[in-house]
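The structure appears right after this line, and notes come after that.
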Amino acid sequence: MTLATPLLRNFYKEAKLLEIKDFLAIMKRVQSTIKMVNIKENRMLATEIKCDIKDINLAEQGKNQIDWAFKDMPVLKTIRERFIKEQPFKGLKLSACVHVTKETAALCTVMQAGGADAVLVASNPLSTQDDVAAALVKYYNIPVFAVSGETVEQYRSHIEEAINHNPDIIIDDGCDMVSTIHAQRPDLIGKIIGSTEETTTGIIRLQAMEADGSLGFPAVGVNTSLTKHLYDNRYGTGQSAFDGVLRAANILIAGKTVVVSGYGWCGKGVALRAKALGANVIVCEVDPLKALEAAMEGYRVMPIAKAALEGDVFLTVTGDKHVIDVQHILTMKDGAFVGNVGHFDWEVNVGDLKAHTKEIKQIRPALEEYVLDNGKSVYVIAEGRLVNLVAAEGHPASVMDMSFANQALGIEFLVKNHGKLENKLYTLPYEVDVKIAELKLQSMGIEIDSLTAEQEEYLNSWKLD
Ligand SMILES: NC(=O)c1ccc[n+]([C@@H]2O[C@H](COP(=O)([O-])OP(=O)(O)OC[C@H]3O[C@@H](n4cnc5c(N)ncnc54)[C@H](O)[C@@H]3O)[C@@H](O)[C@H]2O)c1
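Residues 3 to 467 (this note's numbering) are what the sequence shown spells out, left to right.
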């Protein structure tokens, strides 16, 4: 506070001459400056950066995490080498709204290496890795506005900080930043080159904006790339969802009945891993084709109202709302576990469950016991927020390598084609998917066959006589 005092005095002096609204704006600046000064008092910050992070003293641990992630991200490293030479984002401001993890940190540093002036905020209030946030500030001079456990108000104010960065390019995960800009800062739309979107739920929102003609700039749906959803959604989510469940509850999965709601790309992965851990798996779906696929895969398929009576562990992964509703939870076995892997926290209707609950006990860091009015208890994992990011660390770096290669190349695609694209949702060309898969295979030491000239001719030259 000692160092902050002269600054405060200056601000107060300035404030005397101002209207009340300007005074309030200045006070807002004072608050962030105090944060900077407090950080400086910890003697950990190389340069003064406006940021909102938990503790700069975690930076060294965070740097180790980022370096660790990079070891398993060979495709992104290859892209970084090229970006360093070509500087595709020189002079451009980037605002990223993604889960603040060691892997997204690696992506931000790659964008910075390509010349972008980057700012990072969280795409979920609970998923921030505070050590990684500190490392980005201290070692990379990237302003981060993200604190694990931040309130919804803080979360929104952090998104505003990223918007005030006045971005040319945006990386989004769930479409919160893009939708906030369209709703609250339409003045920025004309300047924005475009955005990339990481997840299925964000793509659904962008598709709706494109359909009603409100999308103000081009966007690349990274999730639509094959090297994203076939690997990240399936293998990444499958493994990390159970990483989250086990860290939260440390229960044995073998022999339990695990109910997976949603058999899309993520759901297939979650069901596969549950089966591999020895669970009896029940799948709930609304799409007959997906339901049939699950049945052919050997899972039991039934509506959630029936599955609710049988399950020991419930995981939703649909992108939909109230998939497990209060009436389902009230019929579950005493001691059932309920969690969500989808992007938003309304897949399990935890909010309305509170009206049927006598007491909520915090059992472990990401596990609450809801003691219900009907005498039973259910254990809610990670407050119904995406379990793999709140109770664990998200997907392993190896799979995010491909997703974030798509992010980096998606932004490059938007910048290279600036002025030529419509305000639509684009998918990266198939050749980009093939290139990423080739690089990944190389890094795994896997060789594959290629077509002989004879085979190529045979496959391409058949004609009806
Ligand atoms: N936790 C993570 O790390 C992570 C990673 C990728 C995607 N996601 C999120 O997971 C969610 C699912 O993504 P996806 O790629 O699997 O989507 P998807 O579209 O491939 O699959 C969703 C499935 O849910 C089904 N569904 C919808 N409403 C349902 C209901 N009421 N009951 C049962 N099934 C229902 C759909 O028919 C579909 O088959 C999205 O919110 C996405 O953003 C999370």
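Each residue gets a CB set at the ideal place from its N, CA and C atoms; glycine is no exception.
Among the options, the one whose alpha carbon lies nearest that of residue i
i: residue 299; options: 310, 274, 446, 260; result: 274
i: residue 108; options: 193, 410, 286, 452; result: 410
i: residue 59; options: 70, 76, 118, 137; result: 137
i: residue 176; options: 364, 203, 327, 188; result: 203
i: residue 65; options: 105, 92, 97, 84; result: 105
i: residue 119; options: 151, 304, 51, 148; result: 51
i: residue 368; options: 151, 160, 221; result: 151
i: residue 429; options: 225, 178, 145, 117; result: 225
i: residue 283; options: 290, 306, 291, 289; result: 306
i: residue 72; options: 465, 205, 445; result: 445
i: residue 272; options: 100, 303, 238, 91; result: 238
Reduced DSSP secondary structure (H/G/I, E/B, other) of residue i
i: residue 219; result: coil
i: residue 200; result: coil
i: residue 302; result: strand
i: residue 258; result: coil
i: residue 119; result: strand
i: residue 2; result: Residue 2 lies beyond the residue range present for the chain, which begins at 3 and ends at 467; the question has no answer from this structure.
i: residue 173; result: strand
i: residue 239; result: helix
i: residue 388; result: strand
i: residue 102; result: coil
i: residue 253; result: coil
i: residue 325; result: coil
i: residue 24; result: Here the model assigns residue 24 a pLDDT of 44, short of 50, so the residue's position is not dependable and the matter cannot be decided.
i: residue 288; result: coil
i: residue 419; result: coil
i: residue 89; result: coil
i: residue 184; result: helix
i: residue 133; result: helix
i: residue 126; result: coil
i: residue 190; result: helix
i: residue 466; result: coil
Buried versus exposed call for residue i [16 or more other C-beta atoms within 10 Å across all chains shown]
i: residue 432; result: exposed
i: residue 246; result: buried
i: residue 229; result: buried
i: residue 200; result: buried
i: residue 463; result: exposed
i: residue 236; result: buried
i: residue 453; result: exposed
i: residue 70; result: exposed
i: residue 290; result: exposed
i: residue 220; result: buried
i: residue 216; result: exposed
i: residue 257; result: exposed
i: residue 170; result: buried
i: residue 465; result: exposed
i: residue 67; result: buried
i: residue 250; result: buried
i: residue 86; result: exposed
i: residue 387; result: buried
i: residue 254; result: exposed
i: residue 448; result: exposed
i: residue 459; result: exposed
i: residue 421; result: exposed
i: residue 450; result: exposed
i: residue 213; result: exposed
Residues that residue i bridges to, as DSSP identifies them
i: residue 427; result: 221
i: residue 364; result: 370
i: residue 282; result: 259
i: residue 54; result: 147
i: residue 95; result: 119
i: residue 74; result: According to DSSP, residue 74 bridges with nothing at all.
i: residue 379; result: 373
i: residue 168; result: Partner(s): none; residue 168 has no beta bridge.
i: residue 359; result: 374
i: residue 317; result: 262, 341
i: residue 81; result: Paired residue(s): none; residue 81 is not in a bridge.
i: residue 350; result: 326
For residue j and residue i, believed in contact at Cβ under 8 Å, the rounded distance
i: residue 321; j: residue 344; result: 5 Å
i: residue 508; j: residue 131; result: Nothing can be reported for residue 508: it is not among the residues displayed for the chain, which extend from 3 to 467.
i: residue 78; j: residue 316; result: Going by Cβ atoms, the distance from residue 78 to residue 316 rounds to 35 Å, so no, they are not a contact pair.
i: residue 337; j: residue 400; result: 35 Å between Cβ atoms; not a contact.
i: residue 146; j: residue 122; result: 5 Å
i: residue 135; j: residue 56; result: 7 Å
i: residue 234; j: residue 402; result: 7 Å
i: residue 296; j: residue 265; result: 5 Å
Any non-hydrogen atom of ligand 2 closer than 8 Å to residue i Cβ
i: residue 268; result: This structure lacks ligand 2; the ligands present are ligand 1.
Neighbour flag for residue i against chain C, beta carbons, 9 Å
i: residue 340; result: Considering every chain present, this structure includes no chain C. It has just one protein chain.
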